[in-house]
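Please read the structure below before turning to the comments.
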Amino acid sequence: MNRFTLPRDLYWGKGALEHLKELDGKKAIVVLGGGSMKRFGFVDRVLAYLKEAGIETQLFENVEPDPSVETVMAGAKAMTDFQPDWIIAMGGGSPIDAAKAMWTFYEYPDVTFEELCIPFNFPKLRTKAKFLAIPSTSGTATEVTAFSVITNYQTGVKYPLADFNITPDVAIVDPELAETMPAKLVAHTGMDALTHAIEAYVSTLNSPFTDPLALKAIHMVFDHIAGSYKGDMNDREQMHYGQCLAGMAFSNALLGIVHSMAHKTGAAFSTGHIPHGCANAIYLPYVIQYNAMDETAHKRYADIARSVGIEGTDDECVKALCEKIDAYNVELNIPKTLKEFGINEEEFLEKVDKIAELAVGDACTGSNPRSITPEQMSQLLKCTYYGTPVEF
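Here the sequence shown is numbered in my numbering, starting from 3 and rising by one per residue.
Printed below as a string of structure tokens:
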């Protein structure tokens, strides 16, 4: 038996933030990131709408990029002290991901982080609060997914938490929030969305319910990411919706080793943190080359290519798909290799085998269309460092 899960309600379009006026509750805690939502006036709007709904509100601010275990526990304590019946997370993927984990510790103070790292091992939520997510970036789609990524900075490892329990109850996808993104963030989050959709389409858990969502998301990214990067607000609105469709697809079809690699390399190197979407963009063409050695994956990559107007044999289509992604990376000023990104070679070679082992053990590896050993993963990572073709 299979399962397909999305939020109970999704409100979208310019001005969708006004739905907050209609919430039924007594107390809400609003989880925020570094301050951009305040600077652009969105926090004031949220507070005004919640006041109109008769809901007492408290803020939990300054969730860092790639939120830490410590931030999660601090947020859970704030919730325990305040006792909200709504948890509202607004901003990029980081505050929303953090709030999902906070929610769990708020409802179950005795659960351990180690227990939550086991995929689909969460206790039943909604015993104290419901969850509403408002994304301001166009990539993670965490507002509609069953996932959260938390970083243990003591080990340098990212933990992707996975459970349908943490799928939000309500998502508000208002493109006005995405209009404020700087160009680099548009590039990174947009390529993250593309990776979500492509990995969902070739995942071993793809289905008739996820395939249409994944393909439509791929088309929307290819049609609108360049214009969004250049500042066209119509393109930016369409990207905000496309990334949400990609999230609906991958939350149910799961992902693959592009994300396994990104999770384990993002915080691994002292010479430079790799933003998640940037890492995905670098790794995606190399992983396509690796996975395309599998006959089924090869055909599905070719199907993606043909759906966006590429013609030729399956081999030609897969090659052209990689070239198309490379071309977008160039246009979006994303490096082609880890070396070009600035990762120190000596440190990379020192750490690559351990990173490979961790990546193979990542929760996303299980649904990748082609199996991979730690030795193969190490080879693949070296290809992404030096820019060499994947021929194994």
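The beta carbon of each residue, even a glycine, is placed where N, CA and C say it ideally should be.
{"Item": "Classify Val32: buried if its beta carbon has 16 or more other beta carbons within 10 angstroms, exposed otherwise.", "Value": "buried"}
{"Item": "Do Tyr285 and Ala264 have their C-beta atoms closer together than 8 Å?", "Value": "yes"}
{"Item": "Could you give the C-beta distance for His190 and Cys280, rounded to a whole number, given that I count them as a contact under 8 Å?", "Value": "5 Å"}
{"Item": "Strictly by DSSP, which residues pair up with Pro162?", "Value": "Val151"}
{"Item": "Going by beta carbon distance, what residues of the same chain come within less than 6 Å of Leu256, once the five residues before and after it are set aside?", "Value": "Ser205, Leu207, Ser369"}
{"Item": "CA-CA distance, Glu145 and Val113?", "Value": "24 Å"}
{"Item": "Quick one: is Val151 buried, meaning 16 or more other Cβ sit within 10 Å of its Cβ, or exposed?", "Value": "buried"}
{"Item": "For Val74, report the span of its alpha helix (DSSP H) as first-last.", "Value": "71 to 84"}
{"Item": "Indicate whether Lys341 and Tyr387 have their beta-carbon atoms separated by less than 8 Å.", "Value": "yes"}
{"Item": "Using the DSSP secondary-structure output, state which residues sit across from Phe14 in a beta bridge.", "Value": "Before going further, note that residue 14 is Trp rather than Phe in the sequence given. The partner list for Trp14 (beta bridge, DSSP) reads Val175."}
{"Item": "Who are the Cβ neighbours of Glu181 in its own chain at under 7 Å, not counting the five residues just before and after it?", "Value": "Met235, Arg238"}
{"Item": "Does Pro287 come out as helix, strand or coil in the three-state DSSP assignment?", "Value": "helix"}
{"Item": "What are the start and end residues of the beta strand (DSSP E) that includes Gly93?", "Value": "88 to 93"}
{"Item": "List the endpoints of the continuous alpha helix (DSSP H) containing Pro376.", "Value": "376 to 388"}
{"Item": "Three or more C-beta pairs closer than 8 Å, one from the stretch 4 to 15 and one from the stretch 69 to 79: is that the case here?", "Value": "no"}
{"Item": "What is the DSSP secondary structure of Phe62, counted as helix, strand or coil?", "Value": "strand"}
{"Item": "Please classify Tyr303 as buried or exposed, where buried requires at least 16 neighbouring CB atoms within 10 angstroms.", "Value": "buried"}
{"Item": "Would Val260 be called buried (16 or more neighbouring beta carbons within 10 Å of its own) or exposed?", "Value": "buried"}
{"Item": "Between the C-alpha atoms of Val223 and Asp194, what's the straight-line distance to the nearest angstrom?", "Value": "10 Å"}
{"Item": "Are the beta-carbon atoms of Gly77 and Met104 separated by less than 8 Å?", "Value": "yes"}
{"Item": "Measuring only the C-alpha atoms, how far is Ala270 from Lys29?", "Value": "39 Å"}
{"Item": "One question on the structure: do Asn123 and Asp83 come within less than 8 Å of each other, judged by their Cβ atoms?", "Value": "no"}
{"Item": "With distances taken Cα to Cα, identify the nearest neighbour of His221 among Tyr231, Gln240, Tyr108.", "Value": "Gln240"}
{"Item": "If you draw a straight line from the C-alpha of Glu24 to the C-alpha of Ala80, how long is it?", "Value": "25 Å"}
{"Item": "Can the beta-carbon of Asp176 be found closer than 8 Å to that of Lys16?", "Value": "yes"}
{"Item": "When you compare each of Pro121, Tyr243, Gly94 to Pro184 by their alpha carbons, which one comes out closest?", "Value": "Gly94"}
{"Item": "Can you tell me whether Ala50 is buried or exposed, with buried defined as 16 or more other CB within 10 angstroms of its CB?", "Value": "exposed"}
{"Item": "Out of Val65, Thr142, Thr169, Ser262, point me to the one whose CA is closest to His242's CA.", "Value": "Thr142"}
{"Item": "What residue does the alpha helix (DSSP H) around Lys53 start on, and which one ends it?", "Value": "44 to 54"}
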